[in-house]
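Just so we're aligned, residue 1 is where the sequence shown starts under my numbering, counting upward by one.
Glycine is no exception: its CB is placed at the ideal position from the N, C-alpha and C atoms.
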Amino acid sequence: MMASSSVGGQSCSWLPSFASPKFTGGTRKIILGSNAKIANLSASRKERIKLPDYDGSYHISDFLRHPSGVESMLNTSALHSFQFLHDNTYRCTLPKVQLFNFEAAPVLDLRVTPTNQDCIVELLSCKFEGSDIMERQNDHFSASMSNHMTWNTNDSELFLEANVKLNLSLEIYTRPFTLLPTSAVEGPGNIMMQALVDRLVPLLLQQLLQDYDEWIHQKAEDLS
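Quick look at the structure:
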């Protein structure tokens with residue numbers, strides 16, 4: 001699960017082993033030897049938030065199809081950079097993470113697919129860009145993520161719901177982790193990932209609702 005490096009001749013097995021997904025028929029997987037030891041981690045959360053009633057003006061689906069809605073879903077205000085690639089695909093570069101003399105920026109390619117009925121955000125690729133040691137971890141990790149957003153605006157209970165699923169596969173290739181059963185990595189890893197998802201998904205929905213409200217009021221001002 002952890003990458004090995006050295007600082008001043010001392011072994012540093014604490015560096016996280018994150019990497020870029022390899023693609024086979026649209027499925028993200030690590031391409032490794034038959035003897036590789038893999039820890040599979042997963043987390044999911046379904047969260048619902050009440051939608052305000054704007055008297056039928058500017059449906060939530062209109063917002064999620066608008067560039068402002070896309071930027072809100074991708075939380076671009078927290079990114080170092082944000083770039084449109086093609087076909088509803090965006091490159092999101094997070095701020096650099098620094099560990100002693102090593103630094104790297106996580107780079108995510110995400111596809112946003114909005115329709116009248118739902119909106120899906122999918123992770124297409126993930127990698128670290130930065131120092132050589134951090135970039136070498138790109139060979140030992142794969143990830144998949146989806147956020148399926150749905151809503152109900154037809155009766156008295158107006159709501160927006162997010163269903164987030166995250167899966168990671170990590171190669172275990174450094175001591176002492178190679179001497180442990182895979183479950184010794186997967187157990188605490190799953191707990192940490194679930195805690196992260198449980199914290200972030202409600203924050204995502206709250207921010208999305210706030211941005212939706214601001215967008216509605218801006219539209220009203222533009223028409224006045």
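Going by beta-carbon coordinates alone, are residue i and residue j separated by less than 9 Å?
i, j, result
"C92", "V70", "no"
"I120", "H148", "yes"
"D211", "F63", "yes"
"S146", "L160", "no"
"K37", "E171", "yes"
Got a sec: is the Cβ-Cβ distance from residue i to anything in chain B below 9 Å?
i, result
"L204", "Here there is only one protein chain, and chain B is not present."
Is it right to say residue i is buried, meaning 16 or more other beta carbons lie within 10 angstroms of its own, or is it exposed?
i, result
"F102", "buried"
"H217", "exposed"
"H80", "exposed"
"Q137", "buried"
"A220", "exposed"
"A143", "buried"
"R28", "Because the pLDDT at R28 is just 43, under 50, the model does not fix this residue reliably, and the value given afterwards should be weighed accordingly. Counting Cβ neighbours within 10 Å, R28 comes out buried, since at least 16 surround it."
"E214", "exposed"
"I191", "exposed"
"L51", "buried"
"G25", "Any reading at G25 must be qualified, since the residue scores a pLDDT of 33, below 50, and its modelled position is unreliable; no value is offered."
On a CA-only basis, which of the options is nearest residue i? Give me that one, please.
i, options, result
"D53", "L158, L200, K37, E221", "L158"
"L204", "S77, D62, K37", "S77"
"I133", "I38, A105, N75", "A105"
"P114", "W151, S144, G130, P95", "W151"
"F84", "R45, K96, D109", "D109"
"D198", "R48, A36, K37", "R48"
"H66", "K50, D55, P202, N88", "N88"
"S125", "R111, Q117, Q98, G189", "R111"
"D118", "L94, Y90, T153", "T153"
Can you round the beta-carbon distance between residue i and residue j to whole angstroms, since I take them to be within the 8 Å contact cut?
i, j, result
"A39", "Q194", "At roughly 15 Å, the Cβ-Cβ gap does not stay under 8 Å, so A39 and Q194 are not in contact."
"E135", "F141", "12 Å between Cβ atoms; not a contact."
"S72", "Q207", "7 Å"
"L168", "L41", "4 Å"
Contact the region 149-166 vs the region 174-187: 3+ CB pairs below 8 Å:
no
At a cut of 8 Å, does the region 166-177 reach the region 57-74 through at least three beta carbon pairs?
no
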